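Colleague: Structure in structure tokens, see below.
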Amino acid sequence: MPGTDQAVGGRRTVPAAPRRAVTGPPRKATGSVQGRGPLVAWALLTPAGLVMLAVTVAPIVFLVYASFTDYDQRSLFTGAFDVVGARQYTDLLADAEFWRSLARTVVFTAAMVAGSVAIGAGVAQLLTRLGSALRMTVTVVLILAWAMPTVASSLVWKWLFQPGYGVVNWLLTQAGLFGDMTDTDWSNSAPLAYVSIWLLIVWQAVPFIALTLYAALIQMPSELQEAARLDGAGEWRVWWSVTLPFLRPTLTLITLMSVIWDFNVFNQIWLVSAGGPDSATTTLGVFAYRTAFVAFRVGQGAALSVITTVLLLAITALYVRRLLRSGEDL
Amino acid sequence: MTTTTGIRRGGGGGAGRGRIVSNTLAIVFCLVWLFPVYWMINTAFKPRSEAMTATPRFWPSAPTLHNFDVALNRTGFWTNLTNSLLVVSVTVVISIVLGMFAAAAMTRFRFSGRRTVMVAILVAQMLPGTALLVPTFLVFNEAGLLGTYTGLVLAYLALVLPFSIWVMRGFFLTVPVEVEEAARIDGASTWQVLWRILFPLVLPGVIASSVFAFIAAWNDYLIAYTFMKEQSQYTLPVWLASFTNPAQGTDYSAQMAGSVVFSLPVVAFFLLIQRKLVSGMSAGAVKG
Chain Z
9 MPGTDQAVGG
19 RRTVPAAPRR
29 AVTGPPRKAT
39 GSVQGRGPLV
49 AWALLTPAGL
59 VMLAVTVAPI
69 VFLVYASFTD
79 YDQRSLFTGA
89 FDVVGARQYT
99 DLLADAEFWR
109 SLARTVVFTA
119 AMVAGSVAIG
129 AGVAQLLTRL
139 GSALRMTVTV
149 VLILAWAMPT
159 VASSLVWKWL
169 FQPGYGVVNW
179 LLTQAGLFGD
189 MTDTDWSNSA
199 PLAYVSIWLL
209 IVWQAVPFIA
219 LTLYAALIQM
229 PSELQEAARL
239 DGAGEWRVWW
249 SVTLPFLRPT
259 LTLITLMSVI
269 WDFNVFNQIW
279 LVSAGGPDSA
289 TTTLGVFAYR
299 TAFVAFRVGQ
309 GAALSVITTV
319 LLLAITALYV
329 RRLLRSGEDL
Chain W
-13 MTTTTGIRRG
-3 GGGGAGRGRI
7 VSNTLAIVFC
17 LVWLFPVYWM
27 INTAFKPRSE
37 AMTATPRFWP
47 SAPTLHNFDV
57 ALNRTGFWTN
67 LTNSLLVVSV
77 TVVISIVLGM
87 FAAAAMTRFR
97 FSGRRTVMVA
107 ILVAQMLPGT
117 ALLVPTFLVF
127 NEAGLLGTYT
137 GLVLAYLALV
147 LPFSIWVMRG
157 FFLTVPVEVE
167 EAARIDGAST
177 WQVLWRILFP
187 LVLPGVIASS
197 VFAFIAAWND
207 YLIAYTFMKE
217 QSQYTLPVWL
227 ASFTNPAQGT
237 DYSAQMAGSV
247 VFSLPVVAFF
257 LLIQRKLVSG
267 MSAGAVKG
């Protein structure tokens, strides 16, 4: 028998002492902790599992249930509500505003993902061509933009684009491209609200994409490119036929993640335009929030959240498969 | 880093010109990307009279801490800061301890259902905010947890725990199993191997994960804004957003000073764990 110390420790984690005796010395010599079997594993998983069950699984089940009820403001006080079948869903599908916000979400997501991935890829490429001092500078700048909490950056954005004293308005007026923009109210015009929110999201999304792609780029064996150049390929051709295929797995994962994140963007829209003017920037997330927490039509808000989740499920499935297959070393 | 052996621009006559183009692009990029941060800081240190001028001042001619004074003395700052620190630290401690156990289970044991657990964690991480917000609100309303710190911690665990497990799993994988095997041969028990050998070795990863968890919870606006009804219960992001006052005009100078104060710990942490950022963030720490 090993010292008492170990025996005590062993008894604490594995239920029975005899087990220890059976799996005695020979087993120990070969096995790591892995040899200890599933019981310990599940014991270690239980606390986190219970918490996730309570704060994630149960709410999702309840969300689906709530989406089949007429839960509203009164229900919050009385606790009384009725099951109404699929009425919330049929109402939504008949609601033009639902389709409009779905279309907005899809188009806006596409624009944000395209913008941030394109710029991010460009910056990653740029980083490989810089000297170390400039590369360090760009990295620090990226991290600063990345680190800004979305609440703070959204408020900074409102100030940058403030009608009257906003510095962007002033710069644009000085540039003279669109005439006098001093008093332009960005959040009061649908296209301009989109432009400023797009800039905000892309500004914050580029650092993660650029640094991740850069990390992938420096793994690339330079012989690949050299060989292509020897064969007479131009820079653009080398990038397209050598670099891009090498980056593809990382790029796919990043794109999938960006789609999910951008589809769910809330804080920035809520704080910059609050979904306005009217409902011009009301994406599905903002629509669900307004329905559930401003109009307090909670049942309908739940139905909207279910629809959003289901729409994203396919992309999430793709993302999970890719991530597990890539060996998670992204 | 092995950057120098990485990609180099092809030699030849174009290299010199290419370098100038790259450097120019990099400088332009830095100027554009830094501008919002610079403008926040610039505004924070300007007297209010200099913030609101027809021609913007690009440097405070009389730098002042007045705006910080105004912001920090604004109703609720100290209470809301305390709330933030309390709720966030409890969330971080719980999610790190539970996350360590779960990550150990997932990386050091083979068991059926392991893959399912991994998929569940990744899916939980990617759920839309309102999908959890709506039902949690209803359940908390029923259970009397709305407007309580316990409720906020529970809601934050849903936000932070899957991610913490995933990030720590990544760090656990970097510790070779051989180290534990050696300890096992010396007769250490499972618990001792975990506690004395594995956990100390993954400590740097644990610290990085705590930082990620801290940032995710510290930055939350939506949950606190929806669940907490009294000014005295708010957390700092809600406090910061409450500066916005369309009716009387927002005090942008004070708001920018508040933004600096609020962002400072996050920026400091980001710079601190720079090296682990990319690997950690790939699981989606800071969501948009």
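In the order they appear, the protein sequences are chains Z and W. Counting in this note's numbering, the first sequence runs from 9 upward without gaps. Counting in this note's numbering, the second sequence runs from -13 upward without gaps. All residues carry an ideal CB built from backbone N, CA and C; glycine is no exception. Every value quoted in this text rests on a predicted model; they were computed, and no experiment measured them.
1) At 8 angstroms on the CB atoms, spell out the chain W contacts of Z/Met189, in chain order.
2) Please report the residue range of the alpha helix (DSSP H) in which W/Asn53 lies.
3) Check for me: the alpha helix (DSSP H) holding W/Ile183 runs from which residue to which?
4) Hey, how far is the Cα of W/Ser246 from the Cα of W/Asn53?
5) What in chain W is Cβ-close to Z/Leu185, meaning under 8 angstroms?
6) Helix, strand or coil for Z/Thr190, going by three-state DSSP, please let me know.
7) Take Z/Gln308 and list the residues in its own chain whose beta-carbon comes closer than 6 angstroms to its own, dropping the five residues that flank it on each side.
8) Once DSSP output is grouped into helix, strand and coil, what is the label at Z/Val92?
9) Give the straight-line distance between the Cα atoms of Z/Ala66 and Z/Met265, rounded to the nearest whole angstrom.
10) Write down the C-beta distance between W/Met154 and W/Val192 rounded to the nearest angstrom, noting that I regard them as a contact closer than 8 angstroms.
11) Residues bridged to Z/Thr316 by DSSP?
12) Between the region 109 to 122 of chain Z and chain W, which residues of the former have a C-beta closer than 8 angstroms to a C-beta of the latter?
13) Z/Leu259 lies in the alpha helix (DSSP H); which residues open and close that run?
14) Using three-state DSSP, classify Z/Thr77 as helix, strand or coil.
15) Z/Tyr173 touches chain W at which residues, Cβ-Cβ below 9 angstroms?
16) May I ask you to check if the CB of Z/Leu321 is nearer than 7 angstroms to at least one heavy atom of the ligand NAP?
17) Please work out which residues of its chain come closer than 6 angstroms, Cβ to Cβ, to W/Met(-13), disregarding the five sequence neighbours upstream and downstream, and give them in chain order.
18) Considering only the beta carbon of each residue, do W/Val161 and W/Leu187 sit closer than 8 angstroms?
19) Mark Z/Glu231 as exposed unless 16 or more other C-beta atoms lie within 10 angstroms of its C-beta, in which case mark it buried.
20) So is W/Ser8 in contact with chain Z if we call contact Cβ pairs under 8 angstroms?
21) Mark Z/Trp2 as exposed unless 16 or more other C-beta atoms lie within 10 angstroms of its C-beta, in which case mark it buried.
22) If you follow the alpha helix (DSSP H) that W/Ala89 is part of, which residue opens it and which one closes it?
23) Can you tell me the Cα-Cα spacing of W/Ile6 and Z/Ile151, whole angstroms?
24) Just to confirm, is the Cβ distance from Z/Ser124 to Z/Val210 under 8 angstroms?
25) Helix, strand or coil, according to DSSP, for W/Asn127 in the structure here?
26) So, Z/Val175 versus W/Pro33, is the Cβ gap smaller than 8 angstroms?
27) Closer than 8 angstroms, CB to CB, is W/Trp25 near chain Z or not?
28) Compare the C-beta of Z/Pro34 with all C-beta atoms of chain W and state if any pair is closer than 8 angstroms.
29) From the DSSP output, in three-state form, read off W/Leu113 for me.
30) Under 8 angstroms between C-beta atoms, does W/Ser249 make it to chain A?
31) Buried or exposed: which applies to Z/Met144, given that a residue is buried once 16 or more other Cβ atoms fall within 10 Å of its Cβ?
32) Taking only beta carbons into account, state which residues of the region 218 to 245 of chain W come closer than 9 angstroms to chain Z, listed in chain order.
33) Could you list the residues in the region 130 to 151 of chain Z with a C-beta less than 9 angstroms from some C-beta on chain W, going in chain order?
34) Given a cut-off of 8 angstroms on the beta-carbon distance, is the pair W/Pro114 and Z/Thr158 in contact?
35) Hey, does Z/Leu252 have any beta-carbon neighbour from chain W nearer than 8 angstroms?
36) Please list, in chain order, the chain Z residues whose beta carbon lies closer than 9 angstroms to that of W/Asn279.
Modeller: A quick look at the data gives this:
1) Within the first sequence, numbered from 1, the residue matching residue 189 of chain Z stands at position 181. Residues of chain W passing the Cβ test: none, with the nearest at roughly 13 angstroms.
2) Translated into the one-based positions of the second sequence, residue 53 of chain W becomes position 67. It spans 52 to 58 - the alpha helix (DSSP H) in which W/Asn53 sits, taken as one unbroken run.
3) Counting from 1 along the second sequence, the entry for residue 183 of chain W is found at position 197. Unbroken run through W/Ile183: none, as it is neither H nor E.
4) Indexing the second sequence from 1 puts residue 246 of chain W at position 260. Indexing the second sequence from 1 puts residue 53 of chain W at position 67. Checking the displayed sequence, the identity of residue 246 of chain W turns out to be Val instead of Ser. Taking the straight line joining both Cα atoms gives about 11 angstroms.
5) Mapped onto the first sequence, residue 185 of chain Z falls at position 177. Here the premise fails: no neighbours, minimum Cβ distance about 16 angstroms.
6) Working through the first sequence from its first residue, we reach residue 190 of chain Z at position 182. The answer is coil: DSSP assigns Z/Thr190 none of H, G, I, E or B.
7) Within the first sequence, residue 308 of chain Z is the residue found at index 300, counting from 1. Closer than 6 angstroms at Cβ, skipping near neighbours: Gln96, Thr299.
8) What you label residue 92 of chain Z is simply residue 84 of the first sequence in a count that begins at 1. Z/Val92 carries a coil assignment under DSSP once its states are collapsed to helix, strand and coil.
9) Counted from its first residue, the first sequence places residue 66 of chain Z at position 58. Counted from its first residue, the first sequence places residue 265 of chain Z at position 257. For Z/Ala66 and Z/Met265, the distance between alpha carbons rounds to 25 angstroms.
10) Working through the second sequence from its first residue, we reach residue 154 of chain W at position 168. Working through the second sequence from its first residue, we reach residue 192 of chain W at position 206. That belief holds up - the Cβ atoms of W/Met154 and W/Val192 are roughly 7 angstroms apart, short of 8 angstroms.
11) As a position in the first sequence, residue 316 of chain Z is number 308, starting the count at 1. For Z/Thr316, which the question treats as bridged, DSSP gives no partner whatsoever.
12) none
13) The count along the first sequence starts at 1 and reaches residue 259 of chain Z at position 251. Run containing Z/Leu259: 252 to 271, per the alpha helix (DSSP H) assignment.
14) The sequence position of residue 77 of chain Z within the first sequence is 69, counting from 1. Judged by DSSP in its simplified three-state form, Z/Thr77 adopts strand.
15) Position 165 of the first sequence, counted from the start, is the residue given in the question as residue 173 of chain Z. Neighbours of Z/Tyr173 on chain W, chain order: Ala37, Met38, Thr39, Ala40, Pro42, Tyr238.
16) For the ligand NAP, the structure offers nothing, since it holds no ligand at all.
17) Here the question's residue -13 of chain W lines up with position 1 in the second sequence. Summary for W/Met(-13): the model assigns pLDDT 39, below 50, so the residue's position carries little reliability; its value from the coordinates is reported in the next sentence. No residues qualify anywhere along the chain.
18) Residue numbering aside, residue 161 of chain W sits at position 175 when the second sequence is read from its first letter. Residue numbering aside, residue 187 of chain W sits at position 201 when the second sequence is read from its first letter. The answer is yes: Cβ separation under 8 angstroms.
19) Within the first sequence, numbered from 1, the residue matching residue 231 of chain Z stands at position 223. Looking at its Cβ environment, which holds fewer than 16 other Cβ atoms inside 10 Å, Z/Glu231 is exposed.
20) Taking the second sequence and counting its residues from 1, the one referred to as residue 8 of chain W is at position 22. Chain Z, which has a Cβ nearer than 8 angstroms to the Cβ of W/Ser8, makes this yes.
21) Residue 2 of chain Z is absent from the model: chain Z starts at 9 and stops at 338.
22) As a working mapping, residue 89 of chain W is identified with position 103 in the second sequence. Segment 63 to 94, the alpha helix (DSSP H) holding W/Ala89.
23) Mapped onto the second sequence, residue 6 of chain W falls at position 20. Mapped onto the first sequence, residue 151 of chain Z falls at position 143. The straight-line gap from Cα to Cα measures roughly 24 angstroms.
24) The sequence position of residue 124 of chain Z within the first sequence is 116, counting from 1. The sequence position of residue 210 of chain Z within the first sequence is 202, counting from 1. Yes; because the gap between Cβ atoms is below 8 angstroms, this pair is in contact.
25) In the second sequence, the residue the question calls residue 127 of chain W occupies position 141. W/Asn127: helix per DSSP, three-state reduction.
26) Within the first sequence, residue 175 of chain Z is the residue found at index 167, counting from 1. Within the second sequence, residue 33 of chain W is the residue found at index 47, counting from 1. Against a cut-off of 8 angstroms, the Cβ pair of W/Pro33 and Z/Val175 comes out as no contact.
27) Residue numbering aside, residue 25 of chain W sits at position 39 when the second sequence is read from its first letter. Cβ-Cβ to chain Z under 8 angstroms: yes for W/Trp25.
28) Position 26 of the first sequence holds residue 34 of chain Z. Residue placement at Z/Pro34 cannot be trusted, given a pLDDT of 37 that sits under 50; the coordinates are not used to answer.
29) Here residue 113 of chain W corresponds to residue number 127 of the second sequence, with the count starting at 1. DSSP places W/Leu113 outside both helix and strand once states are collapsed to three, so it counts as coil.
30) Structure shown: chain A not included; protein chains present are Z and W.
31) Against the first sequence, residue 144 of chain Z aligns to sequence position 136. Z/Met144 comes out exposed.
32) Leu222, Pro223, Val224, Leu226, Ala227, Phe229, Thr230, Thr236, Tyr238, Gln241, Met242, Gly244, Ser245
33) Gly130, Val131, Gln133, Leu134, Leu135, Thr136, Arg137, Leu138, Gly139, Ser140, Leu142, Arg143, Thr145, Val146, Thr147, Val148, Val149, Leu150, Ile151
34) By one-based count along the second sequence, residue 114 of chain W stands at place 128. By one-based count along the first sequence, residue 158 of chain Z stands at place 150. Going by C-beta atoms, W/Pro114 is not nearer than 8 angstroms to Z/Thr158.
35) For the purposes of this step, residue 252 of chain Z is taken as residue 244 along the first sequence, with counting starting at 1. So, not an interface residue.
36) Here chain W comprises residues numbered -13 to 274, so residue 279 of chain W is not present and cannot be evaluated.
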